[in-house]
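Shown next, in structure tokens, is the structure this report addresses.
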Amino acid sequence: MRRGSWRAMVLGTALLTVATAPVAAQSMRGPAGGGAAPAEAGSGLPVPEFAKPLMLAITRAQRELNATLSREMRALREGGSPRAALVVAGIAFLYGVLHAAGPGHGKLVISSFFLARDTRILTGLLAGVLFSLLQVLSSIALVAVLALALEYGGFEVLGQSVRVELVSYALIIAIGVFMTAGALRGHEGHAHAEPLAAPPRGRASLWGVVTAAGLTPCASALIILLFAWAQRAFALGVATTLVMGLGMAITVCAIGLGAIAVRRLILRGAAGRPGALGWVRRGLSVTGALLITAVGCLLAADAWTRLR
Amino acid sequence: MSLRRAWAVPLLLLAVAGWVGGGTDADAHPHVFVDYAVLVRFGADGVASVGITWTFDEFTSALILQQFDKDRDGKLSPDEVRQIERGHFAETHESQYFLSVRLNGAPLPIPAARDFTARVENGRVTYVFTVPLAVPSVTAGGGGRLELLAGDPTAYTAFDLSPNAPVRVEAPRALTAGCEVIRDPKGALMDFVRCDYRRGSR
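In order, the protein sequence lines correspond to chains A and B. Following our numbering, the numbering of the first sequence begins with 73 at its first residue and continues without gaps. Following our numbering, the numbering of the second sequence begins with -4 at its first residue and continues without gaps.
This is the structure we're talking about:
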């Protein structure tokens, strides 16, 4: 291996350690469930200290929205006015924004990709929207097939969705490993002399990542769809969750843009120093690829424990 | 350039917060919302049991009814309640019914619940059960303190004390007991229930 590769690996490992340290600390501590002292049981939530009030606030807001959404959906089902439809759409949208702001899944994979590769803003936005809508479509397909066609019970549908999740995570890991190998060998987009040859490869794996991550059904969408189905109003569920997907896209895009900006800032910083740009690029590319792999593994491990 | 740098700091922080927050738990969105209420029953020697009420959100309630209200009459018959206990409630014992209980400062193990029942009101399903906590709990000073809260460490289920009558107390005449909901003024901790009691009537 050349010296640049080593530097890239060191930078990648360092960044990865920083990024995943809270996760490791958390898994070593384990769930602080049963024995937790009541006054401290808030710390049982696996969230960093500073984010706790925010997380509780988000949870409370979600609770309110959840109650309002079910009430308004029922009202709409029992005699819909255009106003009621607008209310449902508005709440579903907000619910999506908040839902995606909570910790979790695919947006992390996608923003890791943005860290690894040069991505245009527009492409990033498109990826965020596509990913969010795919998650909803995957949920709709799952409920349509299992509940509507095969007459599974609601809890069974939720149980089966874990299998689809596992497929999605396996794909993410595969892409992550493939990208890591490529990044270590130096094929990481247009870092080198052939800017024309590289972008297609980068884009192809972006859409791969979006599809793989978007395959994961969104549990909140599943629950809304199953609720609508139980009320014999599946179409209402489909419409509601699609709007919710658009709301999710807002948050996913915001975080994705953040990742794109971070990459650009780091590269701009490196551009000032002679010789640094090459290995910093390589380092980002390795970091992003490793992050995708690591997140895929964490997600898969979590899904595995929920598999029955 | 300095203007650009001024942007860089919040952007970096935002991204790091996103990663850290995003990475800490794979599935930490709440999907089930439960309003819970507590009935603390005292005996002459301190805490005897706690009665817990879980009221589910409408979405989860619809799932439960879809699965267990087999005759679709919108009510739960004794047989359907038994099916719910076996098919949905029993598994929560593994998670200690999501309860954390501290008696005079020490965490208590949570034994198996009894007297499970379930009902439906306005499209929301409510589970009611009793957790026996019959351990000697009056300290040498003749009093004691019980602290309790419900919370799911995986955050899949979000528990919150019910807006209506979150805590009630039943105590014999020989014991004075009072319970209240403790809220963290900073909003960083979950609300919990605290009961102080002592021997002797008021």
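Idealized CB from N, CA, C, for every residue including glycine. All values derive from a computational prediction rather than experimental measurement.
Residue i at chain A interface by Cβ criterion, 8 Å
i               : result
histidine 26/B  : yes
methionine -4/B : In this prediction, methionine -4/B has a pLDDT of 40, which is less than 50 and means its spatial position is unreliable; nothing more can be read from the coordinates.
lysine 181/B    : yes
aspartate 191/B : no
alanine 153/B   : yes
aspartate 52/B  : yes
leucine 98/B    : no
alanine 85/B    : no
alanine 113/B   : no
glycine 195/B   : no
glycine 138/B   : no
leucine 128/B   : no
leucine 34/B    : no
alanine 57/B    : yes
glutamine 78/B  : no
glycine 46/B    : no
glycine 118/B   : yes
Contact set for residue i: own chain, Cβ-Cβ below 7 Å, skip 5 residues either direction
i               : result
threonine 252/A : Val358, Ala361, Leu362, Thr365
valine 120/B    : Phe51, Ser56, Ile59, Leu60, Ala113
glycine 227/B   : A question about residue 227/B goes unanswered here, because the residues of chain B that appear run from -4 up to 197.
alanine 157/A   : Leu148
alanine 133/A   : Leu170
aspartate 110/B : Phe124, Thr125
Min CB distance residue i to chain B below 8 Å
i                   : result
isoleucine 295/A    : yes
phenylalanine 227/A : yes
proline 125/A       : yes
threonine 131/A     : yes
serine 425/A        : What the structure shows of chain A is the stretch from 73 to 380, and residue 425/A is not part of that stretch, so it cannot be assessed.
leucine 148/A       : no
alanine 161/A       : no
serine 277/A        : no
serine 142/A        : yes
leucine 349/A       : no
serine 153/A        : no
alanine 156/A       : no
leucine 298/A       : yes
Residue i, DSSP secondary structure in three states
i               : result
tyrosine 31/B   : strand
aspartate 155/B : strand
glutamate 175/B : strand
glutamate 80/B  : helix
tyrosine 241/A  : helix
serine 115/A    : With a pLDDT of only 31 at serine 115/A, under the threshold of 50, the placement of this residue in the model should not be trusted; the figure read from the coordinates follows. Correct three-state label for serine 115/A: helix.
tyrosine 224/A  : coil
aspartate 110/B : strand
glutamate 86/B  : helix
glycine 355/A   : helix
leucine 170/A   : helix
threonine 48/B  : strand
threonine 149/B : coil
proline 154/A   : helix
valine 162/B    : strand
Beta carbon proximity, residue i to chain C, threshold 8 Å
i               : result
aspartate 110/B : Absent from the structure is chain C; the protein chains it does hold are A and B.
Top-ranked residue by Cα proximity to residue i, from the options
i                   : options                                : result
alanine 145/B       : His88/B, Glu80/B, Leu58/B              : His88/B
glutamine 71/A      : Arg335/A, Tyr224/A, Leu297/A, Ala333/A : Lying before the first or after the last residue shown, residue 71/A is absent from chain A, which here runs from 73 to 380.
leucine 180/A       : Arg378/A, Cys369/A, Leu379/A           : Cys369/A
phenylalanine 154/B : Leu71/B, Asp186/B, Asp66/B             : Asp186/B
leucine 98/B        : Pro148/B, Asn159/B, Arg140/B, Leu58/B  : Arg140/B
alanine 129/A       : Leu318/A, Ser153/A, His171/A, Thr312/A : His171/A
threonine 377/A     : Leu238/A, Gly330/A, Gly258/A           : Leu238/A
glycine 151/A       : Ala333/A, Asp374/A, Leu308/A           : Leu308/A
threonine 195/A     : Ala173/A, Arg135/A, Ala156/A, Val282/A : Val282/A
threonine 43/A      : Val352/A, Ala331/A, Ala342/A           : Past the edges of chain A, shown from 73 to 380, lies residue 43/A, and the structure says nothing about it.
aspartate 30/B      : Glu136/A, Val249/A, Leu126/A           : Glu136/A
aspartate 68/B      : Phe84/B, Ala108/B, Glu116/B, Ala43/B   : Glu116/B
tyrosine 241/A      : Gly258/A, Thr131/A, Arg257/A, Pro289/A : Pro289/A
isoleucine 193/A    : Arg336/A, Asp374/A, Gly258/A, Ala372/A : Arg336/A
Cβ shell of residue i (< 8 Å), same chain only, five flanking positions each side left out
i             : result
proline 131/B : Asp40, Gly41
leucine 294/A : Ser211, Leu214, Val215, Val229, Leu230, Ser233
Contacts around residue i, its chain only, beta-carbon distance under 6 Å, and the 5 residues preceding and following it disregarded
i                : result
glycine 46/B     : Leu34, Thr125
proline 110/A    : With a pLDDT of only 35 at proline 110/A, under the threshold of 50, the placement of this residue in the model should not be trusted, and no figure is reported.
proline 161/B    : Ala32, Val176
threonine 140/A  : Ile163
tryptophan 301/A : Ala219
valine 34/A      : Residue numbering for chain A in the displayed model covers 73 to 380; residue 34/A lies beyond these limits and cannot be assessed.
Does the region 158 to 174 of chain B come close enough to the region 25 to 45 of chain B to have 3 or more Cβ pairs within less than 8 Å?
-> yes
Spell out a yes or no on whether the region 198 to 217 of chain A and the region 226 to 238 of chain A are touching, meaning 3 or more CB-CB pairs, one atom from each, closer than 8 Å.
-> yes
Cβ contact (3+ pairs, closer than 8 Å) linking the region 126 to 136 of chain B and the region 171 to 189 of chain B | no
Pair every Cβ in the region 312 to 325 of chain A with every Cβ in the region 186 to 201 of chain A, then say whether three or more of these pairs are closer than 8 Å.
-> They touch, by the three-pair rule.
The region 92 to 109 of chain B in contact with the region 183 to 199 of chain A per 3-pair CB rule at 8 Å | no
The region 309 to 317 of chain A in contact with the region 154 to 168 of chain A per 3-pair CB rule at 8 Å | Yes, they touch.
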